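Colleague: If you scroll down you'll find the structure; I have some questions about it.
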Amino acid sequence: MNINDALFENLKTGAAAKEAAKIYLANAASEIENRHRSGERGGQLCKAYASMIDVLLISLFTVKARDIKPVGGNYPLRPLALVALGGYGREEMNVKSDIDLMLLYGGKITPEIERLTHEMLYCLWDTGLDIGFCIRTIDECITLARGDIKTSTALLDSRMLLGDSRLFKLLNQTVRKKLFSKKEAAKFIREKVEETRQRHSKYGGSVYILEPNVKEGEGGLRDIHTTRWIVQARFGLEATPVTSGFVTGGEYARLEESLDFLLSVRNELHFFTGRKSDQLTFDHQERIASLLGFKNTEHSLAVESFMQRYYMHASNINHLYDLILSRCLRVEEKKGFFWRKKKIHIDKNFNVMSGRLYTSGNEALSNDPAAIVKAFDYAQSFGVELDTSTVDNIIAALSVHGDGLYSRPEASETFMKILSGNEIYKTLVEMHRLKALDKLIPEFAGITCRVQHDMYHIYTVDVHTLFAVREIERLKGEYKSEHSLLATLFEETPNQAALVMAVLLHDIGKAMGKGHAEKGAAMATEICKRLGLTEDDTNTIKFLVKNHLILADTAQYRDIHDEKLVIEFAKKIVEIERLNLLYLLTFADVRAVGPDVWNQWKGTLIQELYFKTLSVLERGTFEPADVETRITAVKDKVIKLLRPEGINNAYIEEYFTLLPQRYFLSTHADFIAEHVKIAHEMGTKQCGLFVRQDTYRQYTELVVCTYDLHGLFSMITGVMAANAVNILGAQVNTLKNGMVIDVLQVNSSTGELISDPAKIKKIEDGLDGVIRGKIKVKDLVGKRRPSILDKKAKPRVKTRVLIDNDVSDVYTVVEIHAQNRIGLLYDITSTFTGLGLYIHIAKITTNGDEAADIFYIKDIFGQKIFYDARLKEISAGLYSAIEGAGDAGDGGGEKPGS
Numbered sequence: 036m037n038i039n040d041a042l043f044e045n046l047k048t049g050a051a052a053k054e055a056a057k058i059y060l061a062n063a064a065s066e067i068e069n070r071h072r073s074g075e076r077g078g079q080l081c082k083a084y085a086s087m088i089d090v091l092l093i094s095l096f097t098v099k100a101r102d103i104k105p106v107g108g109n110y111p112l113r114p115l116a117l118v119a120l121g122g123y124g125r126e127e128m129n130v131k132s133d134i135d136l137m138l139l140y141g142g143k144i145t146p147e148i149e150r151l152t153h154e155m156l157y158c159l160w161d162t163g164l165d166i167g168f169c170i171r172t173i174d175e176c177i178t179l180a181r182g183d184i185k186t187s188t189a190l191l192d193s194r195m196l197l198g199d200s201r202l203f204k205l206l207n208q209t210v211r212k213k214l215f216s217k218k219e220a221a222k223f224i225r226e227k228v229e230e231t232r233q234r235h236s237k238y239g240g241s242v243y244i245l246e247p248n249v250k251e252g253e254g255g256l257r258d259i260h261t262t263r264w265i266v267q268a269r270f271g272l273e274a275t276p277v278t279s280g281f282v283t284g285g286e287y288a289r290l291e292e293s294l295d296f297l298l299s300v301r302n303e304l305h306f307f308t309g310r311k312s313d314q315l316t317f318d319h320q321e322r323i324a325s326l327l328g329f330k331n332t333e334h335s336l337a338v339e340s341f342m343q344r345y346y347m348h349a350s351n352i353n354h355l356y357d358l359i360l361s362r363c364l365r366v367e368e369k370k371g372f373f374w375r376k377k378k379i380h381i382d383k384n385f386n387v388m389s390g391r392l393y394t395s396g397n398e399a400l401s402n403d404p405a406a407i408v409k410a411f412d413y414a415q416s417f418g419v420e421l422d423t424s425t426v427d428n429i430i431a432a433l434s435v436h437g438d439g440l441y442s443r444p445e446a447s448e449t450f451m452k453i454l455s456g457n458e459i460y461k462t463l464v465e466m467h468r469l470k471a472l473d474k475l476i477p478e479f480a481g482i483t484c485r486v487q488h489d490m491y492h493i494y495t496v497d498v499h500t501l502f503a504v505r506e507i508e509r510l511k512g513e514y515k516s517e518h519s520l521l522a523t524l525f526e527e528t529p530n531q532a533a534l535v536m537a538v539l540l541h542d543i544g545k546a547m548g549k550g551h552a553e554k555g556a557a558m559a560t561e562i563c564k565r566l567g568l569t570e571d572d573t574n575t576i577k578f579l580v581k582n583h584l585i586l587a588d589t590a591q592y593r594d595i596h597d598e599k600l601v602i603e604f605a606k607k608i609v610e611i612e613r614l615n616l617l618y619l620l621t622f623a624d625v626r627a628v629g630p631d632v633w634n635q636w637k638g639t640l641i642q643e644l645y646f647k648t649l650s651v652l653e654r655g656t657f658e659p660a661d662v663e664t665r666i667t668a669v670k671d672k673v674i675k676l677l678r679p680e681g682i683n684n685a686y687i688e689e690y691f692t693l694l695p696q697r698y699f700l701s702t703h704a705d706f707i708a709e710h711v712k713i714a715h716e717m718g719t720k721q722c723g724l725f726v727r728q729d730t731y732r733q734y735t736e737l738v739v740c741t742y743d744l745h746g747l748f749s750m751i752t753g754v755m756a757a758n759a760v761n762i763l764g765a766q767v768n769t770l771k772n773g774m775v776i777d778v779l780q781v782n783s784s785t786g787e788l789i790s791d792p793a794k795i796k797k798i799e800d801g802l803d804g805v806i807r808g809k810i811k812v813k814d815l816v817g818k819r820r821p822s823i824l825d826k827k828a829k830p831r832v833k834t835r836v837l838i839d840n841d842v843s844d845v846y847t848v849v850e851i852h853a854q855n856r857i858g859l860l861y862d863i864t865s866t867f868t869g870l871g872l873y874i875h876i877a878k879i880t881t882n883g884d885e886a887a888d889i890f891y892i893k894d895i896f897g898q899k900i901f902y903d904a905r906l907k908e909i910s911a912g913l914y915s916a917i918e919g920a921g922d923a924g925d926g927g928g929e930k931p932g933s
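Residue numbers are given in the working numbering: position 605 of the sequence shown equals residue 640, and the series is strictly consecutive.
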């Protein structure tokens with residue numbers, strides 16, 4: 036006796052029926068999981084599981100129906116049909132999917148029917164299945180569907196399990212006639228398109244969100260379902276995208292392949308969670324990557340390869356959804372009357388009419404492959420859309436001639452023309468969507484859908500790259516006022532196309548793993564040569580790709596007031612024109628990483644380094660400027676600013692003698708004057724806090740004036756952590772008389788100014804308490820540490836401690852990258868204190884969930900730290916403080932460049 040026969044026999048007995056159904060379902064799920072682990076296709080498995088559910092339902096219905104007899108003994112169950120709806124109806128059942136059923140009947144509801152449904156449903160509910168059930172006549176189906184698009188959609192997926200086939204056939208005929216006439220079908224399609232738009236918006240608005248919803252997100256399973264429903268509504272319940280002529284057999288095969296992949300992923304989610312689950316969270320991503328056989332390589336992590344595959348399939352679904360929809364609707368967008376009135380003949384292959392670009396015939400592009408790129412050029416130049424027929428011709432021509440497109444000089448020349456035109460971003464997105472960009476630059480395929488598994492890079496590499504092009508292009512319009520300097524630099528750029536090409540290629544090396552800037556520069560050189568660019572343009576693009584990280588990294592992670600550093604940086608740039616281009620590329624790159632990544636603080640640091648480097652290059656020499664003259668000028672200005680304050684010159688001159696040379700080179704005269712006033716007003720006070728709001732740079736400056744204590748800066752960071760204050764930067768100024776003026780640039784945890792008087796008072800009280808020894812800073816920080824219940828699974832940032840004794844003549848520079856958390860900065864600074872080290876400069880950066888904290892330190896004797904044993908002790912102490920007894924890592928990897 037097989038499993039199905041055994042099930043049928045066991046269902047005949049009351050209490051045993053429930054247990055038999057549970058055992059059957061457990062065995063079915065186990066079999067599906069085993070077949071899944073052996074690599075069987077997702078769609079095939081879902082259909083197999085639907086068939087197993089069919090067996091259970093049909094057996095249960097049959098057994099229960101035989102037990103029920105009406106008065107008089109006649110069989111009561113006609114005309115009836117048990118109908119599967121939804122995902123179960125289309126035989127797309129993941130292991131924890133819900134089951135929608137309808138009992139269709141053609142007469143009155145009898146007591147026997149009610150008893151049958153009750154006994155059947157109770158048995159099913161006891162098994163743990165998620166059952167949706169309704170009893171309806173055909174007329175009720177139609178009435179409900181007219182007022183509810185979900186009901187009308189469900190009827191498109193209906194499948195009869197058993198019962199009266201004539202009744203079910205009549206249902207389908209009536210549905211087609213009354214719900215999907217030509218007029219009603221058009222209305223249904225419009226509503227489905229709007230429903231899809233709203234659904235996409237609700238679930239992230241992009242294929243490429245960090246934690247996609249496999250079912251409802253853009254490029255998810257629901258998009259495939261929607262294409263089917265649209266085709267069925269227009270052409271009949273048996274119609275498919277292939278039979279309707281909206282996709283080719285090859286396109287449909289790719290769609291089925293993507294469907295299989297997403298169904299396999301969804302099965303994994305269901306197996307692991309034990310419930311219906313569609314959100315591909317970070318912890319699920321890592322686990323599923325391993326279970327589906329993805330491995331770490333020298334170029335990428337297993338989870339990154341898995342998510343790249345996921346995004347490729349989701350992107351394919353999204354593309355084919357758009358394609359099927361546009362081919363189905365053939366709706367022309369409204370344009371100005373100019374286009375509606377005229378037909379413009381462009382050349383032998385193209386003409387423009389009604390705001391769309393048309394080809395002269397289906398063979399036009401096949402006979403002239405270089406015209407594929409011309410299609411995008413003309414659409415850009417005339418400000419029109421590609422007609423659906425033109426899109427079809429481009430796809431067809433690329434399938435035949437695409438692989439040789441990059442070797443055609445006319446195609447390359449046209450492409451560079453596109454990069455110097457208007458609406459570059461829009462044009463490149465369309466080229467990428469239709470795979471023309473990948474054919475012109477085959478290396479671009481390597482970064483398509485490529486993922487960086489962290490909280491900082493929220494877009495795939497190809498999307499980030501195209502967004503960077505958009506940011507550059509915005510300097511011609513909407514950014515002209517807000518970013519006037521950059522807009523002017525872009526306007527004055529002699530070859531804008533070369534800059535845009537550099538932006539397009541800046542991350543091309545990410546397909547090759549670590550060291551992407553260096554590897555990308557070599558790749559960019561070959562690409563430029565292949566496309567026929569001049570030697571000068573090729574060298575410029577190579578330089579920009581190789582160095583696209585250094586401006587932002589140096590500004591954020593190094594002391595840009597160190598003249599030696601600025602001079603060494605200028606030596607790498609050499610030319611003012613290259614500095615301008617690098618500034619433009621850096622702006623576009625950082626802004627394109629994600630919302631709010633570019634902020635006033637970061638922008639100010641980068642701009643300040645730009646101007647300092649520009650000054651060196653304009654000077655025409657890499658020799659240091661006359662430092663004494665500069666310092667004297669600053670001091671004179673400070674004395675002039677303080678005259679109205681009544682502070683005598685002798686006090687000011689004495690103050691000057693207490694401070695190091697670097698202070699006068701790195702601090703504006705206005706601020707030095709403020710610090711002199713603060714020191715003068717301190718008198719015998721133990722601690723003073725002074726607040727200044729910098730609304731332009733969007734930070735609050737806190738000046739802490741007190742007398743030096745061992746571990747003072749650690750105390751300050753602890754108080755800031757306890758009050759949820761985000762430290763952006765800090766300058767520690769210790770005077771020779773023991774007074775300390777610590778200057779901190781801070782903002783709130785949400786990036787806003789610290790302006791609430793109550794909050795400032797709380798910070799001040801906290802500082803006073805810890806400095807006087809009345810409050811233990813550990814107790815303050817401990818209150819702010821997050822509960823383990825608050826922790827959400829995220830990609831883990833690998834801790835790295837990098838020590839640099841070359842960048843500064845005066846300080847040892849310690850660069851730390853770690854998982855950001857409350858109290859991290861306090862733990863780090865406490866470690867320095869415990870090791871007898873003194874922090875003089877701190878630069879604090881947060882990239883997503885990664886903290887990048889840089890410290891300029893000296894030992895207790897005011898010297899750099901050179902001894903290997905001491906450096907290893909510092910590194911080990913920091914790893915221990917950050918990770919406890921965890922893995923210290925190897926200090927390798929790249930900075931979180933964009």
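Yeah, the Cβ is synthetic: ideal placement off N, Cα and C, and Gly gets one too.
All figures in this text were calculated on a predicted structure; none of them were measured in a lab.
Have a look at Glu797 and Asn758 and give me their C-alpha separation to the nearest angstrom.
Modeller: Stepping through the sequence shown from its first residue, residue 797 is reached at position 762. Stepping through the sequence shown from its first residue, residue 758 is reached at position 723. It should be pointed out that residue 797 corresponds to Lys in this sequence rather than to Glu. In a straight line, the C-alpha of Lys797 is about 8 Å away from that of Asn758.
Colleague: Measure the beta-carbon distance from Glu850 to Asp839 and round it to whole angstroms, keeping in mind my assumption that it falls under 8 Å.
Modeller: Counting from 1 along the sequence shown, the entry for residue 850 is found at position 815. Counting from 1 along the sequence shown, the entry for residue 839 is found at position 804. Right, their Cβ atoms sit about 7 Å apart.
Colleague: With a threshold of 7 Å on Cβ separation, who are the neighbours of Ser350 within its own chain once the five nearest residues in sequence on each side are excluded?
Modeller: Walking along the sequence shown from the start, residue 350 turns up at place 315. Here the set comprises Val242, Gly254 and Cys484.
Colleague: Check whether the region 288-306 and the region 434-451 are in contact - that is, three or more C-beta pairs closer than 8 Å.
Modeller: Contact fails: fewer than three Cβ-Cβ distances are below 8 Å.
Colleague: For Lys722, which residues does DSSP report across the bridge?
Modeller: By 1-based counting over the sequence shown, the position of residue 722 is 687. Before going on, a small fix: residue 722 reads as Cys here, not Lys. Answer by DSSP bridge pairing, in chain order: Thr741.
Colleague: Could you work out which residue in Asp199, Cys363 and Ser200 is closest to Ala221 when comparing CA atoms only?
Modeller: For the purposes of this step, residue 221 is taken as the residue at position 186 of the sequence shown. Here the closest residue by C-alpha is Cys363.
Colleague: Measure the alpha-carbon distance for Glu570 versus Gln733 and round it to whole angstroms.
Modeller: Indexing the sequence shown from 1 puts residue 570 at position 535. Indexing the sequence shown from 1 puts residue 733 at position 698. The straight-line gap from Cα to Cα measures roughly 43 Å.
Colleague: Let's test the definition: count the other Cβ atoms within 10 Å of the Cβ of Ala324 and tell me whether it reaches 16, buried, or not, exposed.
Modeller: For the purposes of this step, residue 324 is identified with residue 289 of the sequence shown, where counting begins at 1. It counts as buried.
Colleague: In angstroms, rounded to a whole number, what distance separates the CA positions of Leu272 and Ser389?
Modeller: Mapped onto the sequence shown, residue 272 falls at position 237. Mapped onto the sequence shown, residue 389 falls at position 354. Straight-line Cα distance between these residues: approximately 34 Å.
Colleague: Is Trp374 helix, strand or coil by DSSP?
Modeller: By 1-based counting over the sequence shown, the position of residue 374 is 339. Reliability fails at Trp374, whose pLDDT of 42 lies under 50, so the model's placement of it is uncertain and no value is given.
Colleague: Rounding to the nearest angstrom, what Cα-Cα distance links Ile407 and Glu478 in this structure?
Modeller: Taking the first residue of the sequence shown as position 1, residue 407 is located at position 372. Taking the first residue of the sequence shown as position 1, residue 478 is located at position 443. Cα-Cα distance, rounded: 19 Å.
Colleague: Leaving out the 5 sequence neighbours to the left and right, which residues in its chain are closer than 7 Å to Leu737 when beta-carbon positions are compared?
Modeller: Here residue 737 refers to the residue found at position 702 when the sequence shown is read from its first residue. These residues qualify, in order along the chain: Leu724, Val726, Leu779 and Val781.
Colleague: Output the distance between the C-alpha atoms of Val609 and Thr528, rounded to the nearest integer angstrom.
Modeller: Here residue 609 corresponds to residue number 574 of the sequence shown, with the count starting at 1. Here residue 528 corresponds to residue number 493 of the sequence shown, with the count starting at 1. If you take the alpha carbons of Val609 and Thr528, they lie about 17 Å apart.
Colleague: Taking all protein chains shown into account, decide if Lys250 is buried (16 or more other Cβ within 10 angstroms of its Cβ) or exposed.
Modeller: By 1-based counting over the sequence shown, the position of residue 250 is 215. Per the 10 Å Cβ criterion, buried.
Colleague: Is any beta-carbon of chain B found at less than 9 Å from that of Ala853?
Modeller: Within the model displayed, chain B is absent; a lone protein chain is all it includes.
Colleague: Sort Leu95, Arg70 and Lys82 by Cα distance to Tyr59 and report the nearest one.
Modeller: Residue numbering aside, residue 59 sits at position 24 when the sequence shown is read from its first letter. Looking at the Cα atoms, Leu95 is the closest of the given residues.
Colleague: Taking 6 Å as the limit between beta carbons, can you name the residues of its chain near Lys370, skipping five residues before and five after?
Modeller: Looking up residue 370 in the sequence shown gives position 335. Confidence at Lys370 is low in this model, with a pLDDT of 37, below 50, so its placement is unreliable and the value that follows should be read with caution. The residues are Gly390.
Colleague: Is the separation between the beta-carbon of Phe223 and that of Leu214 shorter than 9 Å?
Modeller: Counting from 1 along the sequence shown, the entry for residue 223 is found at position 188. Counting from 1 along the sequence shown, the entry for residue 214 is found at position 179. Cβ atoms of Phe223 and Leu214: closer than 9 Å.
Colleague: Just reading off the alpha helix (DSSP H) that Val228 is part of, what are its end residues?
Modeller: In the sequence shown, residue 228 corresponds to position 193, counting from 1. Taken as a continuous stretch (DSSP letters only), the alpha helix (DSSP H) holding Val228 covers Lys217 to Lys237.
Colleague: Can you find the residues in the same chain that come closer than 8 Å, C-beta to C-beta, to Arg807, ignoring five residues on each side of it along the sequence?
Modeller: What you label residue 807 is simply residue 772 of the sequence shown in a count that begins at 1. Gln721 and Cys722, listed in sequence order.
Colleague: Looking only at its own chain, which residues have a Cβ that is under 6 Å from the Cβ of Ala916, when we skip the five neighbours before and after it?
Modeller: Position 881 of the sequence shown, counted from the first residue, corresponds to residue 916. Excluding positions up to five away in sequence, the list reads Asp862 and Thr866.
Colleague: Considering only the beta carbon of each residue, do Leu802 and Thr741 sit closer than 9 Å?
Modeller: In the sequence shown, residue 802 corresponds to position 767, counting from 1. In the sequence shown, residue 741 corresponds to position 706, counting from 1. Their beta carbons are under 9 Å apart, which means Leu802 touches Thr741 by this criterion.
Colleague: Give the DSSP bridge partners of Lys878, in chain order.
Modeller: Translated into the one-based positions of the sequence shown, residue 878 becomes position 843. Answer is Gly764 and Ile889.
Colleague: With DSSP as the reference, label Gly437 as helix, strand or coil.
Modeller: By one-based count along the sequence shown, residue 437 stands at place 402. Helix at Gly437.
Colleague: Check the DSSP bridge columns for Cys169 and list the partner residues they point to.
Modeller: Within the sequence shown, residue 169 is the residue found at index 134, counting from 1. Paired residue(s): Met137.
Colleague: DSSP on Phe307, reduced to helix/strand/coil?
Modeller: Position 272 of the sequence shown, counted from the start, is the residue given in the question as residue 307. Residue state, collapsed to three classes: helix.
Colleague: Might you give, ordered along the chain, the residues of its own chain that have their beta carbon closer than 7 Å to the beta carbon of Met547, omitting 5 neighbours on each side?
Modeller: Residue numbering aside, residue 547 sits at position 512 when the sequence shown is read from its first letter. Taken in chain order, the residues that qualify are His334 and Lys554.
Colleague: Is it the case that the Cβ atoms of Leu190 and Ile166 are separated by a distance below 9 Å?
Modeller: Working through the sequence shown from its first residue, we reach residue 190 at position 155. Working through the sequence shown from its first residue, we reach residue 166 at position 131. No.
Colleague: Can you grab the Cα-Cα spacing for the pair Ala268 / Ile459, in whole Å?
Modeller: Position 233 of the sequence shown, counted from the first residue, corresponds to residue 268. Position 424 of the sequence shown, counted from the first residue, corresponds to residue 459. Approximately 37 Å, taken between the alpha carbons.
Colleague: If you draw a straight line from the C-alpha of Gly108 to the C-alpha of Leu197, how long is it?
Modeller: As a first step, residue 108 is located in the sequence shown; it is residue number 73 there, counting from the start. As a first step, residue 197 is located in the sequence shown; it is residue number 162 there, counting from the start. Here Gly108 scores only 48 on pLDDT, less than 50, and its place in the model should not be relied on; the value that follows carries that caveat. So the two alpha carbons sit approximately 22 Å from each other.
Colleague: To the nearest angstrom, how far is it from the Cα of Asp814 to the Cα of His875?
Modeller: Counting from one through the sequence shown, the residue named residue 814 turns up at place 779. Counting from one through the sequence shown, the residue named residue 875 turns up at place 840. One C-alpha to the other measures close to 26 Å.
Colleague: So, under 8 Å CB-CB, Phe417 and Glu465 are touching, yes? Tell me the CB distance rounded to an integer number of Å.
Modeller: Here residue 417 refers to the residue found at position 382 when the sequence shown is read from its first residue. Here residue 465 refers to the residue found at position 430 when the sequence shown is read from its first residue. The Cβ separation is near 14 Å, so there is no contact.
Colleague: Consult DSSP for Glu147 and reduce its assignment to one of helix, strand or coil.
Modeller: Position 112 of the sequence shown holds residue 147. Note: Glu147 maps to helix in three-state DSSP.
Colleague: In chain order, what residues of the same chain have a beta carbon less than 8 Å from the beta carbon of Lys311, not counting five sequence neighbours either side?
Modeller: Here residue 311 is taken as the residue at index 276 of the sequence shown, counted from 1. Taken in chain order, the residues that qualify are Asn129, Lys131, Ser132, Asp133, Asp165 and His305.
Colleague: Going by beta-carbon coordinates alone, are Phe657 and Lys606 separated by less than 9 Å?
Modeller: Locating residue 657 in the sequence shown gives position 622, counting from the first residue. Locating residue 606 in the sequence shown gives position 571, counting from the first residue. Yes.
Colleague: Could you compute how far the alpha carbon of Ser293 sits from the alpha carbon of Ile244?
Modeller: For the purposes of this step, residue 293 is taken as residue 258 along the sequence shown, with counting starting at 1. For the purposes of this step, residue 244 is taken as residue 209 along the sequence shown, with counting starting at 1. So the alpha carbons of these two residues sit roughly 18 Å apart.
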